[in-house]
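**Q**
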Amino acid sequence: MSDRAGSPSQAELAAGGEAPTRRDFLTLTTAAFGLLGAGIVAWPMIDSMNPSADVLALSTVDVDLSPVQVGQRITATWRGKPIFIDRRTRQEVAEARAADHSPTLIDPATDASRVKRQPWLVVIGICTHLGCVPLGQKPGDPRGPYGGYFCPCHGSIYDTAGRVRHGPAPKNLYLPPYEFRSDTKLRIG
Ligand code: FES
């Protein structure tokens with residue numbers, strides 16, 4: 001019992017009444033240093049989770065479209081993915097539009113909803129079935145009956161808007177984020 005408020009009694013002192021106070025101080029001090037130490041140890045790990053400058057640079061890719069001829073397809077790389085860029089011919093655009101409302105579309109979408117600036121088609125060149133890279137970018141590649149892309153892994157077929165027309169792929173080729181900075185400058189990402 002304390003003889004006055006805040007003053008430990010003789011018995012408490014004899015029983016080590018101050019010991020908890022000292023122990024608490026040591027415990028708090030140890031915990032504080034422990035947290036500080038954990039912070040010092042964790043910082044390099046947390047810091048390493050921020051994207052480095054070269055990764056940030058790869059988050060956008062600029063493509064010069066000026067050398068691309070009508071009917072030519074080129075492939076850019078964005079974040080490790082192939083990006084198919086197709087300067088489609090008038091006939092290819094017309095064929096894509098003609099199929100806009102076809103009941104045979106597996107993943108219905110209009111050509112206009114998939115293209116930001118005609119005649120350019122810009123899609124991620126990865127099959128939506130199991131991730132193979134479809135053929136059709138190079139002259140002489142098989143393109144399938146719709147003139148788009150043919151996936152050699154399991155036979156999926158895409159049209160000139162990158163829409164899947166024959167499975168097993170369930171979805172159209174995905175569109176990357178991109179914008180036209182000018183008539184001949186494309187920024188992906
Ligand atoms: S990965 Fe393309 S059809 Fe299977």
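Here the UniProt record's numbering is used: position 119 in the sequence shown is 119, and no number is missing along the way.
Every residue, glycine too, gets a C-beta built ideally from N, C-alpha and C.
All figures in this text were calculated on a predicted structure; none of them were measured in a lab.
#1: In whole angstroms, give me the CA-to-CA distance for Ala109 and Gly131.
#2: Beta-carbon within less than 8 Å of His129's beta-carbon, same chain only, minus the 5 sequence neighbours each way: which residues are those?
#3: Figure out for me which residue from Gly80, Trp120, Gly162, Tyr149 has the closest Cα to the Cα of Gly189.
#4: Here's the rule: buried if 16 or more other CB atoms are within 10 angstroms of the residue's CB, otherwise exposed. What is Tyr174?
#5: What are the partner residues of His166, as DSSP defines its beta bridges?
#6: Just to confirm before moving on: does the CB-CB distance between Arg163 and Leu105 stay below 8 Å?
#7: Are the Cβ atoms of Pro142 and Trp78 separated by less than 8 Å?
#8: In this structure, does DSSP put Val123 in helix, strand or coil?
#9: If the criterion is Cβ atoms closer than 8 Å, does the pair Ile83 and Val122 meet it?
**A** Working from what's here:
#1: 21 Å
#2: Cys151, Cys153, His154, Ser156, Gly167, Pro168, Ala169, Pro170
#3: Answer by Cα proximity: Gly80.
#4: exposed
#5: Per DSSP, the beta-bridge partners of His166 are Ile157.
#6: yes
#7: no
#8: strand
#9: yes
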